Amino acid sequence: DGGITQSPKYLFRKEGQNVTLSCEQNLNHDAMYWYRQDPGQGLRLIYYSQIVNDFQKGDIAEGYSVSREKKESFPLTVTSAQKNPTAFYLCASSIVGTEETQYFGPGTRLLVL
Amino acid sequence: RKEVEQDPGPFNVPEGATVAFNCTYSNSASQSFFWYRQDCRKEPKLLMSVYSSGNEDGRFTAQLNRASQYISLLIRDSKLSDSATYLCVVASYNQGGKLIFGQGTELSVKP
Numbered sequence: 001d002g003g004i005t006q007s008p009k010y011l012f013r014k015e016g017q018n019v020t021l022s023c024e025q026n027l028n029h030d031a032m033y034w035y036r037q038d039p040g041q042g043l044r045l046i047y048y049s050q051i052v053n054d055f056q057k058g059d060i061a062e063g064y065s066v067s068r069e070k071k072e073s074f075p076l077t078v079t080s081a082q083k084n085p086t087a088f089y090l091c092a093s094s095i096v097g098t099e100e101t102q103y104f105g106p107g108t109r110l111l112v113l
Numbered sequence: 114r115k116e117v118e119q120d121p122g123p124f125n126v127p128e129g130a131t132v133a134f135n136c137t138y139s140n141s142a143s144q145s146f147f148w149y150r151q152d153c154r155k156e157p158k159l160l161m162s163v164y165s166s167g168n169e170d171g172r173f174t175a176q177l178n179r180a181s182q183y184i185s186l187l188i189r190d191s192k193l194s195d196s197a198t199y200l201c202v203v204a205s206y207n208q209g210g211k212l213i214f215g216q217g218t219e220l221s222v223k224p
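From first to last, the protein sequence lines are chains A and B.
Number 45 in the working numbering belongs to position 45 of the first sequence; there are no gaps in the numbering.
Number 207 in the working numbering belongs to position 94 of the second sequence; there are no gaps in the numbering.
What follows is the structure, encoded as structure tokens:
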């Protein structure tokens, strides 16, 4: 089955620690995205990548970092510089040129203790 | 002003009711419009695209008014399984096709 997987489903972090969220897709999509969702709010774009070894900042990139070493993988690191990291993180992918049709992973809930 | 704004909700309706959600967008260059459905603690899933001529998919009807920069979603004969949050989403090619999400409108259908 083709799709996007994110792990873990729930993640707890102590203040001051970096943590990396995994996102893998086997849809052969070139474009991948990371969003953050807070309660009662829409999704906000953190980073996106349209090709391996290249990525761009979204609207709220501060305190986050990404890498795109493989087409299938787009991990997101939440650094200690992110002051309010508790949120629901969603990864998505699409075919370049059809960015409006994005497929989402199941998400990771990050809770800072 | 937010780029995409939706009715604040929540909407609590009985089974069988007709319910309408409204959404406005601020970027007149927006070119693609969608409604996504998001169940509690799950990822959003595309419900339907919205076209200028209006489009219907079973009990769901979406309308777009470009002049007023307004999008709507009508659900007829609502079912318990329609309970979810509905997200209005807009894409602008002058922003690289980036999707802009509204904050969502929660719908709760009661027996």
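By construction, the Cβ of each residue, glycine as well, lies at the ideal position given by its N, Cα and C atoms.
Computed from a prediction, not measured in an experiment: that's the story for all the values here.
Check	Outcome
Within chain A, the residues that Pro157/B reaches when beta carbons sit closer than 8 Å	Leu43, Leu90, Phe104
Touching by the beta-carbon criterion (3+ pairs, under 8 Å), the segment 213-223 of chain B and the segment 194-201 of chain B	yes
Contact list for Gly40/A against chain B, beta-carbon separation under 7 Å	Gln216
Local conformation of Asp195/B per DSSP, three classes	helix
Among Lys223/B, Tyr164/B, Pro157/B, nearest to Leu177/B - alpha-carbon criterion	Tyr164/B
Cut-off 7 Å between Cβ atoms - residues of its own chain near Thr5/A, not counting five sequence neighbours on either side	Glu24, Gly105
At least three beta-carbon pairs within less than 8 Å, the segment 27-35 of chain A to the segment 129-145 of chain B	no
Leu90/A beta carbon near the ligand GDP (any heavy atom closer than 6 Å)	With respect to the ligand GDP, the structure offers nothing, as it holds no ligand at all.
Interface residues of the segment 173-206 of chain B facing chain A [CB-CB below 7 Å]	Leu200, Ala204
From Phe74/A, Ile95/A, Gln102/A, residue whose alpha carbon lies closest to that of Lys158/B	Gln102/A
Rounded separation between Ala31/A and Glu72/A - CA only	10 Å
Nearest residue (CA-CA) to Met161/B, options Lys155/B, Arg150/B, Glu128/B	Arg150/B
Amino acids of chain B, ordered along the chain, whose beta-carbon sits closer than 7 Å to that of Gly107/A	Glu156
Start-end ranges of the beta strand (DSSP E) lying completely within the segment 122-172 of chain B, minimum 3 residues	124-127, 132-138, 145-151, 157-163, 168-170
In DSSP terms, what Ile188/B is bridged to	Val132/B, Phe173/B
Where the beta strand (DSSP E) containing Phe74/A begins and where it ends	Premise fails: Phe74/A is in no beta strand (DSSP E) and is neither H nor E.
Residue closest to Leu111/A, alpha-carbon to alpha-carbon, out of Ser93/A, Glu15/A, Gly3/A	Glu15/A
Minimum Cβ-Cβ distance from Ser166/B to chain A less than 7 Å	no
Chain A within 7 Å of Ser143/B, Cβ atoms only	no
Residues that Phe147/B contacts on chain A, provided the C-beta gap is smaller than 9 Å	Glu100, Thr101
According to DSSP, residues forming a beta bridge with Arg44/A	Arg36/A
Between the CA atoms of Asp195/B and Tyr183/B - distance to the nearest angstrom	23 Å
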